[in-house]
Amino acid sequence: EDWSTEYLAPVISVKVVDGVDEAISHIEKYGSHHTDAIITENGETAQRFLSEVDSAIVMHNASTQYADGGEFGFGAEIGIATGRMHARGPVGLEQLTTFKYQVRGDGQTRP
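Quick note: the sequence shown uses the working numbering, first residue -10, plus one each step.
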């Protein structure tokens, strides 16, 4: 049940997996589709994770603490969205566009 619990506290659930296939499958089933990260020195594994995980922000060797509007240069956050469509009213090309941010790091964390 830990995998579908949102703690609303500084608590995390960690799962050690046998490989990238298991990681991607687990994230697809239990993830929020907001932010997911992988810690690996293997560039091919990292690229596959970044490409195949269906989340708004995917990170390689960087802390998920960086999943913040201010860190992305958007100013103060007024909310978050994990859906793909938030347009209301007339819909043009711009409203049909979604973003996926790929963040690559070298073990950075926020103070």
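From the three backbone atoms N, C-alpha and C, an ideal C-beta is built for every residue, glycine too.
### Message
Restricting to Cα atoms, I'd like to know which of GLY8, SER(-7), PHE63, ILE69 is closest to SER2.
### Response
Closest by C-alpha distance to SER2, out of GLY8, SER(-7), PHE63, ILE69, is SER(-7).
### Inter-residue spacing [alpha-carbon to alpha-carbon] between GLU13 and GLY64
In the sequence as displayed, the identity of residue 13 is Ile instead of Glu. Distance between the alpha carbons of ILE13 and GLY64: 31 angstroms.
### Task
Go ahead and pull the three-state DSSP assignment for ILE67.
Coil.
### Query
Among residues of its own chain, excluding the 5 on either side of GLY94, which ones have a beta-carbon nearer than 6 angstroms to its beta-carbon?
Cβ within range, chain order: ASN50, ALA51.
### Query
Cα separation between THR53 and LEU(-3)?
CA-CA distance, THR53 to LEU(-3), rounds to 16 angstroms.
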